[in-house]
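Structure first, then comments.
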Amino acid sequence: MKTGHEIADAIASKRLSALEAAEAALANAQSLEGELHAYIRLTPERARAQARAIDARLKQGERLGPLAGVPVAVKDIFCVSGEITTAGSKILENFRAPYSATVVRKLDEAGAVIIGKTNMDEFAMGSSCENSAFFKTRNPWDTTRVPGGSSGGSASTVGAGTVPIGLGTDTGGSIREPAAFCNIVGVKPTYGRVSRYGMIAFASSLDQAGPMTADVRDAAQTLAVIAGHDPMDSTSVDVPVDDYVSALRSDLRGTRVGIVTEFEEQIGRSDPALAALYKAAYADLQRLGAQLVDVALPHARYGLATYYLIAPAECSSNLARYDGARYGLRVEGDGDVYSMFERTRAAGFGDEVKRRIILGTYALSAGYYDAYYVRAQKIRTLIKRDFDEAFARCDVIACPAVSCPAFELGAKTQDPVAMYLMDYFTIPMSLAGVPALSVPAGYVSGLPVGLQIVAPAFEESRMLGVAHAYEQATRHAWAQTPRVAQRAGSAS
Amino acid sequence: MSGQTGVQTEESYEAVIGLEVHVELSTQSKMFCGCRNEFGAQPNTLVCPVCLGMPGTLPVVNRRAVEFLCKTGLALGCTVAARSKFDRKNYFYPDMPKNYQISQYDMPLTTGGAVQLPSGRLVRLNRIHLEEDTGKNIHAGASMAASDHTLIDYNRAGVPLMEIVTEPDLSTPEQAEEYLGQLKIVLSYLGVSDVKMHEGSLRCDANVSIRLTGETRLGTKAEVKNMNSFRSVVRALHFEIERQQAAVRNGERIVQETRNWDETRGVTYSTRSKEQAHDYRYFPDPDLVPLTIEPSTIERWRLEMPELPLAKRARFVRDLGLSDYEAGILTEERSTADFFEAVAAAAKEPKQAANWMLGDVRRCLEKHSLTLASSPMKPQQLADLILSVTSGKVSGKVAKEICEVVVAEGADPLAVIEQRGLAQVTDAGAIKQIVADVLARNGDSVASYKSGKVKALEFLVGQVMKASRGKANIEIVRAMLLEQLG
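Below you can see the structure in the form of structure tokens.
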């Protein structure tokens with residue numbers, strides 16, 4: 362048993378209890394934790410209490426939510442009332458959230474059982490999960506390699522088969538890249554599709570929560586649960602939520618799939634083997650009935666530079682609240698409040714977070730604001746326009762999710778720019794606010810990679826429909842088994 | 093009036109003053125969360141994850157605060173922006189939970205407008221924008237210097253605050269005071285704020301510079317803060333203008349800086365120079381979407397606006413026959429004006445209503461340490477009292493006595509007249525009897541009147557009134573005596 366819908370069916374038909382499912386997931390997580398380090402904290406008491414409540418309600422004959430009894434893992438960036446929520450940072454190491462994020466509340470209401478909070482790059486800043494203040498999470502396909510980031514913990518535990526569904530956040534690729542590295546489905550919804558309330562902010566205009574799941578159906582079901590307007594988040598949009606599960610398709614007849622000329626040139630130069638894999642994926646789409654059309658994203662090449670002005674600028678302000686005065690870490694100063702602030706922040710933040718706060722503070726400073734921040738916003742508009750023009754010629758875009766498979770731990774930690782380049786193919790969609798996902802696309806030297814499907818804003822149904830047809834026709838995710846899962850002899 | 097008392101020295105410098113007034117809006121809830129907006133509660137009881145800046149929280153705009161601000165703008169002749177936005181003002185300060193303040197930088201809700209001072213000057217407004225208030229630092233210990241720790245009360249954090257910024261159109265401290273007074277009247281009319289300076293719901297900063305009279309360029313300004321009453325605004329501005337003039341006379345240059353007013357010492361002192369000025373790194377708040385206001389909404393707000401003090405004052409003069417002085421006092425507070433109008437309408441005697449309110453009612457209120465709001469008196473009661481005088485039911489003298497119980501106890505004047513038998517006697521038969529008795533008992537006075545001492549008549553009138561315990565109609569008494577005395 363692997364997917365969430367299979368577990369939900371088994372529970373609904375009483376072949377499995379929610380408590381059994383939770384216990385199995387907890388036991389599996391514990392047995393793999395020594396190798397994967399996927400969880401900052403497991404939450405067994407909360408999980409068991411919720412599972413028992415689900416079982417009791419099922420016994421009463423109540424009709425429960427679509428995820429009733431399904432074990433899930435949430436990135437430690439989401440506040441869960443009463444639980445420690447760290448965002449992977451020392452500065453929040455002791456922060457117990459006094460409220461739950463809207464998406465957590467929605468998962469609870471749908472009957473999902475949260476078994477733990479997963480590891481992440483500190484404040485979601487990173488592409489390898491190595492920037493966690495606590496420990497480095499490993500890739501279940503090769504534990505000498507990174508799981509990707511920043512939602513590395515969720516990707517690793519779903520990839521290992523411990524839970525079928527994880528929750529991540531994506532600011533510039535933080536769901537899609539780790540999903541690709543761990544052979545799972547990862548969805549970054551349209552900006553405004555999912556509430557950000559209770560999700561610790563990195564870059565407010567880019568952050569989106571999304572599902573990281575065993576298959577496309579689970580992604581569709583989870584997105585249907587967490588999507589929707591939230592009065593607590595002014596940037597969440599009041600657009601009806603489609604029935605994503607019903608929109609899943611098995612062929613692609615009549616669908617125009619855009620292939621991005623600039624991206625194909627880029628991947629052809631950087632990794633010919635991977636380029637060939639993606640070419641094969643496009644051919645699979647064609648075989649399913651899709652019509653391939655060339656589209657251009659001429660400003661996408663400025664995505665990285667644009668992103669590394671906007672995201673740090675927002676983060677420099679968002680992270681100002683961590684000062685030791687009200688919650689979290691406090692390092693006493695010498696008698697005055699500002700030295701307390703300085704020492705707390707110096708001790709509480711890691712290097713990458715500090716680097717981005719400094720970058721952002723600089724970009725917003727008087728005299729530089731117009732040259733950096735305002736200019737970056739203008740380019741962001743141009744990138745958005747590129748997508749509008751591309752979608753005038755196609756229904757969805759198919760492109761690489763990553764420029765290489767999972768790399769070795771430590772391979773890029775000394776070179777921030779090489780690390781930033783990991784998000785080359787995912788950042789433009791974040792800047793444009795359009796939905797994008799990564800779906801397993803096969804293996805390079807035994808390591809999984811993902812195909813990215815991109816749709817116009819609020820066209821998640823179309824995007825998931827295409828991904829489902831591709832997934833069911835190719836079944837790449839099921840072709841091989843991750844090494845840790847083989848050794849643990851569990852999960853599937 | 094105050095306009096003529098300009099601070100001018102022998103070298104003939106004039107002061108240029110612009111004011112930034114912060115007004116806490118009296119909405120039910122805070123600016124960006126659902127916490128109650130209330131003064132004086134136990135510290136840190138009116139807080140939630142949002143206004144404490146907890147990780148993951150997001151602001152949601154209080155539409156009512158937007159409405160309050162825009163109505164203020166409409167009342168002051170400002171232009172309401174169809175599109176505006178919120179920005180973050182970034183600086184570290186422990187009473188600010190997020191270490192940034194959500195404010196408005198380059199697209200405020202309103203621009204332009206003006207306040208007409210009764211003394212004649214027109215004070216143009218630059219803008220009015222919306223922001224959130226900060227919490228309050230409370231330095232523990234006997235004094236700031238002796239304090240070893242600081243407590244923070246976040247009840248005020250996130251209270252909606254509007255900042256009204258003038259052009260540098262004021263030239264004396266007295267004009268500044270007059271401007272604040274006018275602003276206060278308008279704000280309380282609109283019901284958008286408590287406007288209590290001592291509770292901090294109205295706070296004022298001043299930009300002050302001096303220049304040679306006739307010079308058109310602005311001098312270097314100092315920003316004066318921490319003035320907590322109208323009186324301290326006047327004192328602080330006087331001090332600051334004189335300080336700058338003395339400095340210039342001594343050949344010093346004025347530096348751009350922030351200066352705090354020290355109420356006890358009566359001086360301003362420098363707290364921050366231009367070089368130390370914050371770079372607030374303003375940028376649009378990505379947690380909030382731009383604010384759009386439909387023209388139809390603005391029109392609706394315009395229709396909902398109450399009649400404003402100056403218009404009301406003019407109408408009281410034009411339609412109700414009041415003097416400008418009377419109309420001015422009666423329109424200072426909306427509740428007073430409303431009370432007056434109710435009395436005037438019920439008594440159908442606006443002039444009498446004004447006389448009573450500015451005369452006996454005011455006297456009785458003062459005597460009993462009451463205000464119109466705290467007195468139990470209803471407009472109808474005062475109207476009944478006025479009507480009982482105009483109809484001749486009671487004498488003016490008796491009415492003044494009844495007024496006191498009406499003001500102090502909210503007594504029904506008609507019931508008081510009834511119970512105490514105070515109704516004026518106008519029945520000629522009853523008066524005739526008393527007159528006959530008085531004439532019979534005062535033969536001497538009758539004789540002296542007849543011998544030409546006209547003053548004796550007043551004595552006899554007094555005797556009749558006394559015998560009637562003040563209730564006899566004095567006109568009838570006088571006429572009857574004259575008739576009897578032939």
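Those protein sequence lines, which keep their order, are chains U and W.
For the first sequence, the positions run 362 to 853 when the working numbering is used.
For the second sequence, the positions run 93 to 578 when the working numbering is used.
C-beta atoms are modelled at their ideal positions from N, C-alpha and C, and glycine is treated no differently.
For chain W, is any of its Cβ atoms less than 8 Å away from the one on residue i?
i: U/Ser678; result: yes
i: U/Ala846; result: no
i: U/Arg717; result: no
i: U/Glu675; result: yes
i: U/Tyr734; result: yes
i: U/Leu725; result: yes
i: U/Met362; result: With a pLDDT of 45 at U/Met362, under the threshold of 50, the modelled position of this residue cannot be trusted; read the value that follows with caution. So no, U/Met362 is outside the interface.
i: U/Pro550; result: no
i: U/Leu720; result: no
i: U/Ala666; result: no
i: U/Ala707; result: no
i: U/Ala852; result: Here the model assigns U/Ala852 a pLDDT of 42, short of 50, so the residue's position is not dependable, and the following value carries that caveat. So, not an interface residue.
i: U/Ile536; result: no
i: U/Ile561; result: yes
i: U/Ala570; result: no
Starting from residue i, follow its DSSP beta bridges and name the residues at the other end.
i: U/Gly422; result: The partner list for U/Gly422 (beta bridge, DSSP) is empty, contrary to what the question assumes.
i: W/Glu224; result: W/Pro252
i: W/Val300; result: W/Ile109, W/Ala314
i: U/Gln411; result: U/Gln411 pairs with nothing; no bridge assigned.
i: W/Leu294; result: W/Val115
i: W/Val499; result: For W/Val499, which the question treats as bridged, DSSP gives no partner whatsoever.
i: U/Val654; result: U/Gly619
i: U/Lys467; result: Per DSSP, none; premise fails for U/Lys467.
i: U/Cys760; result: U/Gln813
Nearest chain U C-beta to residue i closer than 8 Å, yes or no?
i: W/Asn136; result: no
i: W/Met93; result: Because W/Met93 carries a pLDDT of 39, less than 50, the predicted location of this residue cannot be relied on, and the following value inherits that uncertainty. No - not a single Cβ of chain U is within 8 Å of the one on W/Met93.
i: W/Glu112; result: no
i: W/Leu144; result: yes
i: W/Ile109; result: no
i: W/Gln371; result: With the sequence shown as reference, residue 371 of chain W is identified as Asp, and Gln is not the correct amino acid for it. Answer yes: the Cβ-Cβ gap between W/Asp371 and chain U drops below 8 Å somewhere.
i: W/Ser104; result: no
i: W/Val251; result: no
Strictly below 7 Å CB to CB, what residues from chain W border residue i?
i: U/Tyr460; result: Pro141
i: U/Arg682; result: Gly145, Pro189, Lys190, Asn191
Assuming the contact rule is C-beta atoms closer than 8 Å, residue i and residue j should be a hit. Round their C-beta distance to whole Å, please.
i: U/Val800; j: U/Gly807; result: No, U/Val800 and U/Gly807 are not in contact; Cβ-Cβ is about 19 Å, not under 8 Å.
i: U/Val519; j: U/Met573; result: 5 Å
i: U/Thr530; j: U/Tyr400; result: About 17 Å separates the two Cβ atoms, so there is no contact after all.
i: W/Lys163; j: W/Met199; result: Not really, about 19 Å apart at Cβ, beyond 8 Å.
i: U/Thr364; j: U/Ala575; result: 5 Å
i: U/Gly333; j: U/Thr596; result: A question about residue 333 of chain U goes unanswered here, because the residues of chain U that appear run from 362 up to 853.
i: U/Ser565; j: W/Pro378; result: 4 Å
i: U/Pro427; j: U/Val586; result: 6 Å
i: W/Val486; j: W/Ala445; result: Contact flag wrong, Cβ pair sits at about 17 Å.
Using a cut-off of 7 Å between C-beta atoms, extract the partners of residue i located in chain U.
i: W/Pro186; result: Ala686, Val698
Using a Cβ cut-off of 8 Å, pull out every chain W residue sitting near residue i, in sequence order please.
i: U/Tyr558; result: Gly148, Thr149, Leu150
Could you name the residues of chain A that residue i contacts, counting a contact when the two beta carbons are closer than 7 Å?
i: W/Asp379; result: Protein chains in the displayed structure are U and W, and chain A is not among them.
Can you name the residues of chain U whose CB is closer than 8 Å to the CB of residue i?
i: W/Arg219; result: Going along chain U, no residue has its Cβ under 8 Å from W/Arg219, so there is no contact; the nearest lies around 20 Å.
i: W/Arg180; result: Ser678
Listing by chain order, which chain W residues have their CB less than 9 Å from the CB of residue i?
i: U/Ala453; result: The amino acid at residue 453 of chain U is misidentified as Ala; the sequence shows Leu. Those are Pro147, listed as they occur along chain W.
Just the chain U side, please: which residues come within less than 9 Å of residue i by C-beta, in chain order?
i: W/Gly153; result: Correcting the residue identity first, residue 153 of chain W is Val in this sequence and not Gly. Residues of chain U passing the Cβ test: Ser595.
Can we count residue i as close to the ligand MN, meaning its CB is less than 7 Å from some heavy atom?
i: W/Ser480; result: The ligand MN is not part of the structure shown, which contains no ligands of any sort.
Touching by the beta-carbon criterion (3+ pairs, under 8 Å), the stretch 352-371 of chain W and the stretch 127-140 of chain W: No: the two stretches stay apart, fewer than three of their Cβ pairs being nearer than 8 Å.
Stretch-stretch touch, CB-based, cutoff 8 Å, three pairs: the stretch 267-277 of chain W with the stretch 311-318 of chain W: No, the stretch 267-277 of chain W does not touch the stretch 311-318 of chain W.
Segment contact flag, the stretch 186-197 of chain W with the stretch 157-170 of chain W, C-beta cutoff 8 Å, min 3 pairs: When Cβ pairs closer than 8 Å are counted between the two stretches, the stretch 186-197 of chain W is seen not to touch the stretch 157-170 of chain W, the count staying below three.
The stretch 817-831 of chain U in contact with the stretch 524-538 of chain U per 3-pair CB rule at 8 Å: The stretch 817-831 of chain U, when compared against the stretch 524-538 of chain U, does not touch it at the 8 Å Cβ threshold.
The stretch 450-462 of chain U in contact with the stretch 740-757 of chain U per 3-pair CB rule at 8 Å: Too few Cβ pairs lie closer than 8 Å, so no.
The stretch 765-772 of chain U in contact with the stretch 502-515 of chain U per 3-pair CB rule at 8 Å: Three or more Cβ pairs drawn from the stretch 765-772 of chain U and the stretch 502-515 of chain U lie within less than 8 Å of each other, which places the two stretches in contact.
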